[in-house]
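4 protein chains.
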Amino acid sequence: MTDIQFRSDVTLQLDDKMGDDAKVIRMAKASIKKTGGDMDEAARQGFINFLMRERHGVPFEHCAMTLYFEVPIFVMRQLAKHRISSISEASGRYTQMDGVFYRPVAQRPLIQVGRAGAYTFQQGNAYQDGLVQYVLAHASEAAYQEYEGLLEQGIAREVARMVLPVNVYTSGYITINLRSLMNLLSLRTANENATIKGHPQYEIELLAQRMEMYFASEFPLTYAAFEKNGRTAP
Amino acid sequence: MTDIQFRSDVTLQLDDKMGDDAKVIRMAKASIKKTGGDMDEAARQGFINFLMRERHGVPFEHCAMTLYFEVPIFVMRQLAKHRISSISEASGRYTQMDGVFYRPVAQRPLIQVGRAGAYTFQQGNAYQDGLVQYVLAHASEAAYQEYEGLLEQGIAREVARMVLPVNVYTSGYITINLRSLMNLLSLRTANENATIKGHPQYEIELLAQRMEMYFASEFPLTYAAFEKNGRTAP
Amino acid sequence: MTDIQFRSDVTLQLDDKMGDDAKVIRMAKASIKKTGGDMDEAARQGFINFLMRERHGVPFEHCAMTLYFEVPIFVMRQLAKHRISSISEASGRYTQMDGVFYRPVAQRPLIQVGRAGAYTFQQGNAYQDGLVQYVLAHASEAAYQEYEGLLEQGIAREVARMVLPVNVYTSGYITINLRSLMNLLSLRTANENATIKGHPQYEIELLAQRMEMYFASEFPLTYAAFEKNGRTAP
Amino acid sequence: MTDIQFRSDVTLQLDDKMGDDAKVIRMAKASIKKTGGDMDEAARQGFINFLMRERHGVPFEHCAMTLYFEVPIFVMRQLAKHRISSISEASGRYTQMDGVFYRPVAQRPLIQVGRAGAYTFQQGNAYQDGLVQYVLAHASEAAYQEYEGLLEQGIAREVARMVLPVNVYTSGYITINLRSLMNLLSLRTANENATIKGHPQYEIELLAQRMEMYFASEFPLTYAAFEKNGRTAP
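One line per chain: the protein sequences are A, B, C and D, in this order.
Note that the first sequence covers residues 1 to 234 in our numbering.
Note that the second sequence covers residues 1 to 234 in our numbering.
Note that the third sequence covers residues 1 to 234 in our numbering.
Note that the fourth sequence covers residues 1 to 234 in our numbering.
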C-alpha cells in the first residue's frame with residue numbers, strides 16, 4: 001500500500017493576476033472620461049475609499065487573481081459555492097486521488113457550544129484532541145487502502161473513489177475578480193473589523209486568510225478601503 | 001449504533017416552477033411587441049424550434065423549476081459546478097448527516113476501457129460486482145460508526161464529518177432556469193440524439209434523466225425543440 | 001405624420017412570479033433538513049429577519065418575478081446594468097419604434113446643485129420648466145418625423161432609428177430573483193431607511209418604486225425584513 | 001455652439017489582458033494534475049482543439065481581456081446584453097456628452113429585403129445614401145444644439161441628455177473572459193465558417209471584428225480552435 005500523508009494546512013499560491021489599484025481607478029474614472037493617472041497616493045486612496053463606501057462595485061470587477069489551491073474536499077465544497085468565479089479542479093474520474101488527508105492541528109477548536117444559529121467553538125480536552133487525531137488517521141488510512149484495493153481489481157476510478165472521505169485533498173485553480181473575492185472574504189473570515197461577522201469553518205478561513213494576504217499585497221489601496229469600510233463587498 | 005441505509009438511486013421531485021411553453025413565446029415575441037397568444041399548436045412548436053435553432057437563448061431563461069434532490073456528495077459536487085442556478089443544501093455543520101450511503105446496482109458499469117479522453121465503460125465480472133458491494137457496505141458502515149463515535153464524545157459536527165466518504169447522501173433544492181437546465185442536460189446525459197455527446201458519470205446521469213422527465217412534462221414544446229436541435233442549450 | 005404621444009410615467013406590471021415568503025423559509029430550512037411548515041407568523045418573520053441580517057442570500061434567489069415594463073431608453077440603459085436578471089426587450093431592428101416619448105412632469109427636479117459626487121437636485125424655475133417641456137416636445141416630434149421619413153424612403157429600421165432620442169419608449173419583460181431585486185432597490189431608490197443611500201435618477205426610481213410595490217405585496221415578510229435591515233441585499 | 005464631429009467607425013483598444021494559450025492548457029490540465037508545460041506547439045494546438053470540440057468551457061474563462069471602446073449608444077445597448085462581463089461606461093449624469101455622432105459610410109447596406117426572421121441587407125441607391133447622410137447630420141446637429149441650450153440654461157445633464165439620439169457616442173471599458181468573448185463573436189459576426197450564423201447589426205459587427213483581431217493575436221491557438229470548430233463558444 002502507498003504511504004499516505006497527513007496535512008493540517010491548505011496550499012494557496014498566486015498563479016496570475018490582472019490589474020492593480022490604478023486600474024480600479026482608471027475603470028471608475030471612465031464614468032467621467034478621465035483616467036485618474038494624475039492622482040497622488042492620498043487622492044487615490046481617498047477615491048477608492050469613496051467607491052467602496054458608496055458601493056460602486058463594477059470597477060473592482062476588472063481586476064482578478066488566479067490562485068492555485070490544495071484543500072480537503074469539505075473545503076472545496078464550500079469554495080465552489082462562490083459562483084462568480086471560474087474553477088478548474090482535479091478530477092477523480094480522470095486521475096487517481098493522492099493519498100493526502102487532512103487532520104487538524106491541536107489548536108483547532110473541536111467543541112461547539114451554544115444554541116443553533118449562535119454557536120461558538122472551543123478547544124477540546126486532551127482526550128478529545130487525541131481521539132480526533134487517532135480516528136482521522138485510522139479512518140483515512142483504511143479508506144485509502146480500500147480505494148487502492150478497488151483500483152487494483154480493475155474498478156474504475158470514479159467508482160473506487162466513492163469510499164474516500166471528505167478530508168482527502170483535491171487541487172486546482174480558481175480565478176476570481178476583486179468584487180467576488182471581497183464577498184468571499186466577508187463570509188469566510190471572522191474578522192473583528194467586519195460590520196457583519198462571518199461564521200466560517202476553521203479550515204476555509206485558513207484558505208481565505210491566504211487569499212487575503214495576496215489581496216493585501218497586490219492591491220494595497222483596495223485592501224485598505226475594504227478594511228476601512230467594514231469588510232463587505234461593494 | 002444507528003442502522004445505516006443503502007441506496008442505489010437518487011431522489012428528484014418538482015417543488016415549484018415558473019412559466020410554460022406559452023411564456024417562452026410571450027417573452028420572445030416581446031421583441032416585436034406581440035404576445036403570441038393567437039398562435040395554434042403547430043405555430044407555437046415551429047416558433048420555439050426557430051428560437052432553439054437560431055440560439056435565441058434569453059426567452060428560455062424566464063422559465064424555471066425548483067427541484068428537491070437527494071444525492072451522494074460525489075454527485076452533489078458535480079451538480080454544484082452549474083453556476084447559473086441557486087442551490088440550498090443541507091449543512092453538515094448545522095445538522096447531523098444521516099447514515100444513508102450510495103451503493104451501485106449490479107448493472108452499473110464498473111470497468112473503464114480505452115485511453116484518456118476516450119473511455120468507455122463496461123460491466124464488471126461477478127467478482128468485481130461483489131467486491132464493490134462488499135467494500136462500499138463495509139467502508140460506509142465503518143465510517144458512520146466513527147462519525148457517531150466522535151459526535152458522542154462531544155466533537156463538533158463539522159469536525160466529525162471529515163471521516164464520512166463521498167457516497168454519503170446530502171439533500172436540498174436547486175432552482176434552475178430552462179436555458180441553464182438545457183446546458184446541464186447536454187453535459188450530463190449521453191444521448192444518441194445529441195450533436196455533441198456528453199460523458200457524464202452514471203450517477204449524475206440518473207439525476208439528469210429525472211430532471212429531463214420534468215422538463216418534458218412541464219415544457220413539452222420546448223423539450224421537443226431541444227430534442228430536435230441536437231440537445232444543446234441555445 | 002403619425003401623432004406622437006408624451007408620457008411622464010413608466011409602466012410596470014406583474015406578469016408572473018415564483019415562490020412566496022414560505023418558500024424562502026423552506027429553502028433556508030433545507031440546511032437543517034426541515035421545511036419550516038410548522039412556524040407561526042411571528043416565527044416566520046423572525047427567521048426571515050435572521051436570514052437578512054446574517055446575509056444568507058441564497059434562499060431569496062429561489063423566488064422571482066417577471067415584470068412587464070415600458071420605459072424610455074435612458075432608463076432601459078440603467079435597468080440593463082443589472083446582470084443577474086433576464087431581459088427580453090422590443091427590438092428596433094425587427095419592429096418599428098412607436099412614437100411615444102418621455103417628458104417630465106413639472107415636479108421633476110431639473111437643477112443639479114453641489115460638487116461632483118455630492119449633488120442634490122432642486123426644482124427649476126418657471127422658465128426652466130417651460131423650456132424643458134418645449135424643447136423635449138419639439139425635439140421628439142422632429143426626430144420622429146425624420147424617423148418616419150427615412151422609413152418611408154425604404155431605409156431599414158435599424159438605420160432609421162439612429163435619429164431617435166433616448167427619451168423614446170421601449171418595452172419588454174424582466175425576470176429577476178428577490179436577491180437581485182433587493183440589490184436593484186438598494187441602488188435605484190433613495191430611501192430614508194437605507195443604511196447606504198442610493199443616488200438614482202428620478203425616472204428609474206419611479207420604476208423601482210413600482211417594483212417595490214409588487215415586492216411588498218407578494219413577499220410581505222421578506223419585504224419587512226428588507227426594510228428593517230437597512231435596505232441592502234443580503 | 002460647439003462644433004460636432006461625425007464618425008463612421010468604432011474605437012476598440014486593448015487595455016489589459018490576463019493569460020495566454022498556455023494558461024488555457026494549464027487550467028485544463030489541472031483536471032489530471034499536470035501543467036502541460038512539456039507540450040510542443042502541435043500538441044498544444046491539438047489539446048485546445050479537443051477542449052473546444054468537447055465543450056470544456058471553463059479553462060477558457062481563466063483568460064480575459066479589458067478593452068477600451070468608443071461606440072454609438074445603439075451599439076452600446078447591444079454590447080450591454082452580454083452579461084458575463086464587466087462594463088464601466090461614461091455617465092451622461094456625471095459628465096457632459098461629447099458632440100460626436102455616428103453617420104454610416106456609403107458602403108453600409110441600408111435596405112432590408114425579405115420576410116421577418118430571414119432578412120438580408122442590400123446597398124441603398126444614390127438618393128437613399130444621400131438622404132441618410134443628410135438626415136443624420138442634420139438631426140444630430142439639431143439635437144446637440146438643443147442639448148447645449150438646455151445645459152446653458154442650467155438644466156441638469158441627466159435631463160438635458162434626453163434629447164440626444166442613439167447615434168451619439170459613449171465610451172468605456174469592458175472586461176470579458178474568452179468563453180464569453182467567443183459567445184459574443186458567434187452572435188455578433190456573420191462569418192462563413194460559423195456553424196450557426198449570427199445576424200449582427202453592421203455596426204456591432206465592426207466592433208466584434210476588432211475584438212476578434214485582438215483575440216487572434218493574443219490567443220492564437222485558442223482562436224484557431226474557435227475557427228476550426230464552427231465558431232461557437234464551448
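Beta carbons: idealized from backbone N, C-alpha and C, even for Gly.
- Sequence-ordered contacts of the region 50-77 of chain B with chain D read Phe50, Arg53, Glu54, Arg55 and Val58 [C-beta pairs closer than 9 angstroms].
- Of all residues in the region 154-169 of chain A, only Gly154, Ile155, Ala156, Arg157, Glu158, Val159, Ala160, Arg161, Met162, Val163, Leu164, Pro165, Val166, Asn167 and Val168 place a beta-carbon less than 9 angstroms from a beta-carbon of chain B.
- Note: Ile174(B) is bridge-paired with Leu67(B) and Ile87(B) in the DSSP secondary-structure output.
- In the DSSP assignment, Tyr223(C) falls outside any beta strand (DSSP E) and lies within the alpha helix (DSSP H) extending over Pro220 to Lys228.
- Ile4(C) sits close to Ser140(C), with the two beta carbons spaced by under 9 angstroms.
- Listed in chain order, the alpha helix (DSSP H) elements of length 4 or more contained wholly in the region 129-214 of chain B are 157-160 and 178-188.
- The CB of Ile176(C) never comes closer than 9 angstroms to any CB in chain A; the least such distance is about 17 angstroms.
- The contact set of Gln209(D) on chain C, defined by CB atoms closer than 9 angstroms, is empty, because the minimum CB distance reaches about 18 angstroms.
- The residue among Thr175(B), Thr189(B) and Ile204(B) with its C-alpha nearest the C-alpha of Thr232(B) is Thr189(B).
- Closest in alpha carbon position to Gly99(C), among Ser8(C), Gly154(C), Val168(C) and Ser86(C), is Val168(C).
- Against chain D, a Cβ distance below 9 angstroms from Thr95(A) picks out Ser31, Ile32, Lys33 and Lys34.
- Here Phe74(C) is actually not in contact with Leu207(C); their C-beta atoms are around 12 angstroms apart, not less than 8 angstroms.
- For Ile196(B), at least one C-beta of chain D is nearer than 9 angstroms to its own C-beta.
- The C-beta of Phe121(C) comes closer than 9 angstroms to at least one C-beta of chain D.
- Per the coordinates, the alpha-carbon of Gly19(B) lies some 7 angstroms from the alpha-carbon of Asp16(C).
- The beta carbon of Ile87(C) falls within 9 angstroms of a beta carbon belonging to chain B, placing the residue at that interface.
- For Asp16(C), the residues of chain B that pass the 7 angstroms Cβ criterion are Met18, Gly19 and Lys23, in the order they occur in the chain.
- Around the Cβ of Thr195(A), a 10 Å sphere holds fewer than 16 other Cβ atoms; the residue is exposed.
- For Tyr173(D), there are no C-beta contacts with chain C under 9 angstroms, since the nearest C-beta of that chain is about 14 angstroms from it.
- Counting C-beta atoms within 10 angstroms of its own C-beta, Arg115(B) has fewer than 16 neighbours from the protein chains shown and is therefore classed as exposed.
- DSSP, read as helix, strand or coil, puts Val24(B) in helix.
- Taking a beta-carbon distance threshold of 9 angstroms, Met182(C) does not count as an interface residue toward chain B.
- For Leu136(C), the neighbours in chain D by C-beta distance under 7 angstroms run, in chain order, Met162 and Val163.
- Excluding five sequence positions before and after Leu221(C), the CB atoms of its chain that fall closer than 7 angstroms to its own CB belong to Asp21, Arg44, Gln45 and Ile48, given in chain order.
- The residue from Ser88(A), Val135(A), Asp9(A) and His56(A) with its alpha-carbon nearest to that of Ala30(A) is His56(A).
- Judged by DSSP secondary structure, Gln112(B) falls outside any alpha helix (DSSP H) and instead within the beta strand (DSSP E) spanning Ile111 to Val113.
- Within the model, the alpha-carbon separation for Ser180(C) versus Asn183(A) is close to 15 angstroms.
- Per DSSP, Val105(D) lies in no alpha helix (DSSP H) segment and is marked neither H nor E.
- At least one CB of chain D lies nearer than 9 angstroms to the CB of Gly92(C).
- Taking a contact as a CB-CB distance under 8 angstroms, the pair Thr170(C) and Ala90(C) counts as one, their CB atoms being some 5 angstroms apart.
- In the three-state reduction of the DSSP assignment, Gln5(A) falls in the strand class, which pools E and B.
- Leu185(C) has its alpha-carbon roughly 19 angstroms from the corresponding atom of Glu54(C).
- A Cβ-Cβ contact shorter than 9 angstroms links Val166(C) with Pro72(C).
- Per DSSP, Gln13(D) lies in no alpha helix (DSSP H); the unbroken beta strand (DSSP E) holding it starts and ends at Thr11 to Met18.
- If you ignore the 5 residues before and after Tyr119(D), its C-beta comes within less than 8 angstroms of the C-beta of Gln112, Val113 and His199, all in its own chain and listed in chain order.
- Within the same chain, and ignoring the five residues on either side of Pro109(D) in sequence, the residues whose Cβ sits closer than 6 angstroms to its Cβ are Phe121, Gln122 and Gln123.
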